[in-house]
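**Student:** Before we start, here is the structure in question, set down as structure tokens.
Residue numbers (full-length UniProt numbering): 1 to 518.
This is the structure we're talking about:
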């Protein structure tokens, strides 16, 4: 789940006059700037939403990311393709490209100058509400799961090099302290260092950016419990969940890279600003030095699902609405307990997982060049949905986006007696009603990793699902998909990961995964 960084056009923090003013001694308050600019008079329409302040910024020599000035404040419309508002926490922004990672953090940060510059420019214009959004770090469940899906994600997996359990616990304690400070929009350590002869505790690239809806979610993998030979590493083997012990099975067409899959520890950072995500992973990686090493990392942009009824269904890189039937935070407690949260008695050996969930990830390359040559009717029949409105093909003449949520009639036929929704269409293969009601909470992101030697985009979906038990909620669906889904012809599964996500960090807990050690 890694690759070479891809640069995005944007203003470097050094090159931007405004960014030059934001020194470590005098951090600029972006909230005030956003509020001031949001009150500036604008002349906007569906095709031109640039403001007077945008023009002034550009006249100063700032190079803005493509499309960053489009639809930031335009009214929402039911018509697909019309600019929508980015004013609500978790709502999609308009500049979606970001950097993409290599096997190490250094490769990820190599693309930071371009992306961070673009995102810094964008963050300064994002409405105050999104900038100041915070989510509780402590609670019954970890944040970053049912939290409204943010626009950006940076995920990293680590291999633990320490051999003493106390070293491991120290790392998990230091991670908890740092994560709680960062999700509150604070510097690690609370205050800038007064000793200039020592490296600062916080690297500083998110200074003044505010919380920006940052969530940090932690997970543990099989390798934390036993080594490759099955030997107990930290005296925790007896507590290993059966889900991890069994591992993820192989699926048809898998072309997985072992070095880019799984791991001992997982950190997922999500935010409304890409630089805030990178700052979180960079600093937690720094804290882990000497105890754990980075195994793989993945940057994602443009959420590919909605986790709240307040969020519109996003489009994937094939141009179709994705995640229509996703679990939502507002679903009933019974539904969330049935499909998402581990329940008491699920696994006697892993009682510490009660209130937690399981994280499944698949890095899926989308063969865009082949897909783009398909006729529209072929694309729609492959998906089983209308491309414009997202309505199922059982509705012959959709006219509005709300029809996306109309129940699919798999028996509906055209005047020639042909089934309107093909049996191998994506929705016919993976939808809950076709899989005994199985559901999952999807929280994936797009990725783009430059191009290959043939000049084809290395782009796709970093698929993420949270489930109560992947053996019942996920594996059967993926098995069916890889064997019978027409969409598989245009996909390539390149990496995979399975982690246990412990319950939330409670008041009084001093470390990540405290329930595992209690």
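Even glycine gets a Cβ: it sits at the ideal position worked out from N, Cα and C.
May I ask which residues mark the beginning and end of the beta strand (DSSP E) holding residue 461?
**Tutor:** Position 461 of the chain shown, counted from the start, is the residue given in the question as residue 461. Residue 461 -> beta strand (DSSP E) spans 457-467.
**Student:** Quick check on residue 289: buried or exposed, where buried means 16 or more other Cβ atoms within 10 Å of its Cβ?
**Tutor:** Mapped onto the chain shown, residue 289 falls at position 289. So residue 289 counts as exposed.
**Student:** In angstroms, rounded to a whole number, what distance separates the CA positions of residue 394 and residue 384?
**Tutor:** Mapped onto the chain shown, residue 394 falls at position 394. Mapped onto the chain shown, residue 384 falls at position 384. Rounded to whole angstroms, residue 394 to residue 384 spans 8 Å at the Cα level.
**Student:** Could you tell me the distance, in whole angstroms, from the CA atom of residue 443 to the CA atom of residue 308?
**Tutor:** Taking the chain shown and counting its residues from 1, the one referred to as residue 443 is at position 443. Taking the chain shown and counting its residues from 1, the one referred to as residue 308 is at position 308. The alpha-carbon atoms of residue 443 and residue 308 are separated by roughly 11 Å.
**Student:** Start and end of the alpha helix (DSSP H) containing residue 274?
**Tutor:** Against the chain shown, residue 274 aligns to sequence position 274. Looking at the DSSP string, the run of the alpha helix (DSSP H) that includes residue 274 is 274-287.
**Student:** Is it the case that the Cβ atoms of residue 182 and residue 270 are separated by a distance below 8 Å?
**Tutor:** Reading the chain shown from its first residue, position 182 is the one you call residue 182. Reading the chain shown from its first residue, position 270 is the one you call residue 270. Cβ distance not < 8 Å, so residue 182 and residue 270 don't count as in contact.
**Student:** Is it right to say residue 397 is buried, meaning 16 or more other beta carbons lie within 10 angstroms of its own, or is it exposed?
**Tutor:** Here residue 397 is taken as the residue at index 397 of the chain shown, counted from 1. So residue 397 counts as exposed.
**Student:** Among the candidates 141, 134, 158 and 485, whose CA atom is the shortest distance from the CA of residue 337?
**Tutor:** If you number the chain shown from 1, residue 337 lands on position 337. Out of 141, 134, 158 and 485, 141 has the C-alpha closest to the C-alpha of residue 337.
**Student:** Under 8 Å, with one C-beta from each stretch per pair, do the stretch 158-165 and the stretch 293-306 reach the 3-pair mark?
**Tutor:** Cβ pair count under 8 Å is three or more, so yes.
**Student:** At which residue ranges does the stretch 191-251 contain complete alpha helix (DSSP H) runs of 4 or more residues, listed in the order of the chain?
**Tutor:** List check, alpha helix (DSSP H) in window: 242-246.
**Student:** If we ignore side chains and look at the alpha-carbon of each, how far apart do residue 345 and residue 304 end up?
**Tutor:** One-based indexing of the chain shown puts residue 345 at position 345. One-based indexing of the chain shown puts residue 304 at position 304. Roughly 33 Å between the two C-alpha positions.
**Student:** Hey, out of 255, 280, 253 and 187, whose CA is closest to residue 266's CA?
**Tutor:** What you label residue 266 is simply residue 266 of the chain shown in a count that begins at 1. Measuring from the Cα of residue 266, the nearest candidate turns out to be 280.
**Student:** For the stretch 460-474 against the stretch 193-204, are there 3 or more C-beta pairs whose distance is under 8 Å?
**Tutor:** No, because fewer than three Cβ pairs between the stretch 460-474 and the stretch 193-204 fall closer than 8 Å, the two stretches do not touch.
**Student:** Please state whether the Cβ-Cβ distance between residue 495 and residue 261 is less than 8 Å.
**Tutor:** In the chain shown, counting from the first residue as 1, residue 495 sits at position 495. In the chain shown, counting from the first residue as 1, residue 261 sits at position 261. Cβ distance < 8 Å, so residue 495 and residue 261 count as in contact.
**Student:** Sorted by chain position, which residues of the same chain lie with C-beta nearer than 6 Å to residue 390's C-beta, five sequence neighbours on each side aside?
**Tutor:** The count along the chain shown starts at 1 and reaches residue 390 at position 390. Closer than 6 Å at Cβ, skipping near neighbours: 321 and 404.
**Student:** Within the continuous beta strand (DSSP E) that includes residue 159, where are the two ends?
**Tutor:** As a first step, residue 159 is located in the chain shown; it is residue number 159 there, counting from the start. Here the beta strand (DSSP E) through residue 159 covers 152-160.
**Student:** Run the CB neighbour count on residue 215, radius 10 Å, all protein chains shown included, and call it buried at 16 or more, exposed below.
**Tutor:** Along the chain shown, one-based indexing puts residue 215 at 215. The residue in question, residue 215, is buried, as its Cβ has 16 or more Cβ neighbours within 10 Å.
**Student:** Tell me the DSSP secondary structure of residue 21 in three-state form.
**Tutor:** Here residue 21 corresponds to residue number 21 of the chain shown, with the count starting at 1. Because residue 21 carries a pLDDT of 36, less than 50, the predicted location of this residue cannot be relied on, and the following value inherits that uncertainty. In the structure shown, residue 21 sits in coil (DSSP, three-state: anything other than H, G, I, E or B).
**Student:** Using DSSP bridges, identify the partner residues of residue 432.
**Tutor:** For the purposes of this step, residue 432 is taken as the residue at position 432 of the chain shown. DSSP, once it has assigned bridges, lists no residue as partnering residue 432.
**Student:** Do you know how far the Cα of residue 217 is from the Cα of residue 244?
**Tutor:** In the chain shown, counting from the first residue as 1, residue 244 sits at position 244. In the chain shown, counting from the first residue as 1, residue 217 sits at position 217. Those two C-alpha atoms are separated by around 18 Å.
**Student:** Would you kindly check if the distance between the Cβ of residue 502 and the Cβ of residue 487 is under 8 Å?
**Tutor:** Along the chain shown, one-based indexing puts residue 487 at 487. Along the chain shown, one-based indexing puts residue 502 at 502. No; because the gap between Cβ atoms is not below 8 Å, this pair is not in contact.
**Student:** Could you please give the first and the last residue of the uninterrupted beta strand (DSSP E) stretch that includes residue 519?
**Tutor:** A query on residue 519 cannot be resolved here, the shown segment of the chain reaching from 1 to 518 and no further.
**Student:** Note down the Cα distance separating residue 178 from residue 206, rounded to an integer number of angstroms.
**Tutor:** Working through the chain shown from its first residue, we reach residue 178 at position 178. Working through the chain shown from its first residue, we reach residue 206 at position 206. Looking at the two C-alpha atoms, the distance is approximately 13 Å.
**Student:** Around the C-beta of residue 252, are 16 or more other C-beta atoms found within 10 angstroms, so that it is buried, or is it exposed?
**Tutor:** Translated into the one-based positions of the chain shown, residue 252 becomes position 252. Counting Cβ neighbours within 10 Å, residue 252 comes out exposed, since fewer than 16 surround it.
**Student:** Straight-line CA distance for residue 481 to residue 399?
**Tutor:** To locate residue 481, count along the chain shown from 1; it is residue 481. To locate residue 399, count along the chain shown from 1; it is residue 399. Using only the alpha carbons, I get a separation of about 29 Å.
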